[in-house]
Ligand SMILES: C[S@@+](CC[C@H](N)C(=O)[O-])C[C@H]1O[C@@H](n2cnc3c(N)ncnc32)[C@H](O)[C@@H]1O
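In the numbering used here, the protein residues as written are -14 to 267.
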């Protein structure tokens, strides 16, 4: 567990604009991120999502917050979840609502957080199906496990792991889902190769993620605050789609594409909540 705050200047995660602070706009420097910065970002992501897990109950009870569950999930879906699963929800879409998971299928959720999408998928695949949630933040995994106990869910397992090196055997998964997580990885190509590796031939993914219509300002790409808000690492959508195609996926379909901050007047207006479906050829 990350117990030490990696640096003192991180602002809390917000589901709306996380920035743009004094040091956040107008830098024309290189957009290349260094290995040192990357380690800081990984530590920052774990720190922030660990804190979010610890505050899930308070977040659920806070009626002043616009919750991800209110934005993206149906009333039926929300009613089926423990408060802490809803309180930890930090997605940018509803992949399970679109994926049409079938009874008996094996589903794997990349960056499962408090488990929200795993629990919804578990209902859809039924007792003969199986759901695996992967997350690199120990406090999130603990929260997800507690939520599973509250729900009495028996067909979900949560595993500590990185989406760049998924702890799952080749060709074993029918459906991969992910909700606002790949934007947090600087190795997106590796993540898509891993998804390809674990999917059965003919298997599919449905992923919601933050992308952008134009390259973000370099200073945003380098900001730990923007990374933890799923913004700093958001890829340009056309490049993201090319990456998926070059990995070998077929029937690539943009299911949903919505401006994330339509009222913004700066670079933030380029942010897009994308939901994408694709298959591994049979
Ligand atoms: C924005 S939250 C989304 C959580 C969940 N999917 C949801 O919709 O509420 C991102 C989650 O991904 C996890 N995460 C981020 N980068 C990861 C990585 N490289 N490998 C595994 N988990 C990661 C974080 O710990 C966090 O729980």
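Even for Gly, the Cβ is constructed at its ideal location relative to N, Cα and C.
Between residue 266 and residue 186, the gap from beta carbon to beta carbon is short of 8 Å. At a cut-off of 4 residues, the continuous stretches assigned as alpha helix (DSSP H) that sit fully inside the segment 148 to 197 are 173 to 183. Residue range 91 to 95 is occupied by the beta strand (DSSP E) that includes residue 92. Rounded to whole angstroms, the separation of the alpha carbons of residue 171 and residue 209 is 12 Å. In summary, residue 211 is buried, with 16 or more beta-carbon neighbours lying within 10 Å of its beta-carbon over all protein chains present.
Here residue 213 carries a helix assignment [DSSP, helix/strand/coil]. Residue 112 and residue 159 have their C-alpha atoms some 16 Å from each other.
According to the DSSP secondary-structure assignment, residue 262 is paired through a beta bridge with 191, 238.
Residue 94 sits buried, since 16 or more C-beta atoms from the chains shown fall within 10 Å of its C-beta.
In the displayed model, residue 117 falls within a strand according to three-state DSSP. Spatial neighbours of residue 234 in its own chain (CB-CB distance under 6 Å, excluding positions within 5 residues in sequence) are listed in chain order as 263. Distance between residue 28 and residue 72, taken at the CA atoms: about 22 Å.
Here residue 196 is not near residue 214, since their CB atoms are 8 Å or more apart. Contact between the segment 169 to 183 and the segment 243 to 253 is absent: fewer than three C-beta pairs spanning the two stretches fall below 8 Å. Shown here, residue 73 sits in coil according to DSSP, grouped into three states, outside any helix or strand. In this structure, the C-beta of residue 258 stays at least 7 Å away from each heavy atom of ligand 1.
Closest in alpha carbon position to residue 136, among 168, 126, 77, 108, is 108.
Among the bridge pairs identified by DSSP, residue 243 is matched with 258. Each of 247, 127, 260, 151 was checked against the Cα of residue 40, and the nearest Cα belongs to 127. Of the other Cβ atoms in all chains shown, fewer than 16 fall within 10 Å of the Cβ of residue 48; this residue is therefore exposed. A residue is called buried when at least 16 other Cβ atoms come within 10 angstroms of its Cβ; residue 223 does not meet this threshold and is exposed. Within the chosen limit of 7 Å, ligand 1 does not reach the beta carbon of residue 45 with any heavy atom. With a contact defined as Cβ atoms closer than 8 Å, residue 101 and residue 66 qualify at about 6 Å. Rounded to the nearest whole angstrom, the CA to CA distance from residue 204 to residue 257 is 19 Å.
Taking C-beta atoms under 8 Å as the contact rule, residue 192 and residue 167 qualify, at a distance of about 7 Å.
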